[in-house]
Amino acid sequence: YQVTLGANLVYLSADARYAVQGSIIDLKTRTNLTDAARAELRRRALAAIPEDQMIVFAPRNPKHTITVFTDIDCGYCRKLHSQIQDYMKQGIKVRYLFYPRAGLGSESARKAEAVWCADDRRKAITLAKQGKPIEMKTCENPVAHDFKLGQELGVTGTPAIITEQGDLIPGYIPPQRLRQILDQLKAASPGVQG
10 YQVTLGANLV
20 YLSADARYAV
30 QGSIIDLKTR
40 TNLTDAARAE
50 LRRRALAAIP
60 EDQMIVFAPR
70 NPKHTITVFT
80 DIDCGYCRKL
90 HSQIQDYMKQ
100 GIKVRYLFYP
110 RAGLGSESAR
120 KAEAVWCADD
130 RRKAITLAKQ
140 GKPIEMKTCE
150 NPVAHDFKLG
160 QELGVTGTPA
170 IITEQGDLIP
180 GYIPPQRLRQ
190 ILDQLKAASP
200 GVQG
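Start counting the sequence shown at 10; every next residue gets the next number (this note's numbering).
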């Protein structure tokens, strides 16, 4: 039996006497079944979040959708966002969720809350990622939910990119290279939609 504990999968014997933690590999197909199960968990979890609970930058006709767990103060998150127009030119829709690496209650978390509470979230996240001041508003916001979800999905750093297929790609990837990766992943699993 497979048991899900957040982002972790544990396998139990039928009598619940033995537990195995680690990857299950299908040696015939050379497929890591545990990675596939984790990807499906991530895909389903993100599909349950409406886009109005994210900050979205999208081209007119996106070819790919990624969800990025981001930290306002993370250098590589800032680099990724500075190229947001290039990602969109590659046909990539970018959906942001917040993952303040220093935790809830940190300065990054407060900035994330202020971005969410801004009248224009897209403008506010752009200014914040440029290191420019934004009005430090507070309101009901998804920052704590996003952070907890990121932990449950195995996010350990930022930026953390999750594909339509549920694959977790840690770190910054340049726009053109990311498009190549996304094309390959989509070709490998044509039935999966974000």
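Beta carbons: idealized from backbone N, C-alpha and C, even for Gly. Since the structure is predicted, the reported quantities are computational estimates derived from the model, not experimental observations.
The Cβ-Cβ distance between R51 and G166 does not fall below 8 Å. For I93, the enclosing alpha helix (DSSP H) begins and ends at 93-98.
With a beta-carbon spacing of about 21 Å, I182 and R131 fall beyond the 8 Å limit used to define contacts.
Secondary structure of A57 (DSSP, three-state): coil. In this structure the segment 114-124 touches the segment 80-93; the number of beta carbon pairs closer than 8 Å is three or more. Taking 8 Å as the cut-off, the Cβ atoms of L21 and Y10 count as close.
Under DSSP, the beta-bridge partners assigned to D35 are T40. Scanning its chain for C-beta atoms nearer than 8 Å, with the 5 sequence neighbours on each side dropped, one finds around A54 the residues L158, E161, L162, in chain order. C-alpha of H90 to C-alpha of P168: approximately 10 Å in a straight line. Per DSSP, the unbroken beta strand (DSSP E) holding V19 starts and ends at 17-21.
CA-CA distance, Q139 to M145, rounds to 16 Å. The C-beta distance from I75 to I170 rounds to 5 Å, short enough to fall under 8 Å. By alpha-carbon distance to T13, the top candidate from E149, A46, K88, S198 is A46. By the CB criterion at 8 Å, I143 and V124 fall inside the cutoff.
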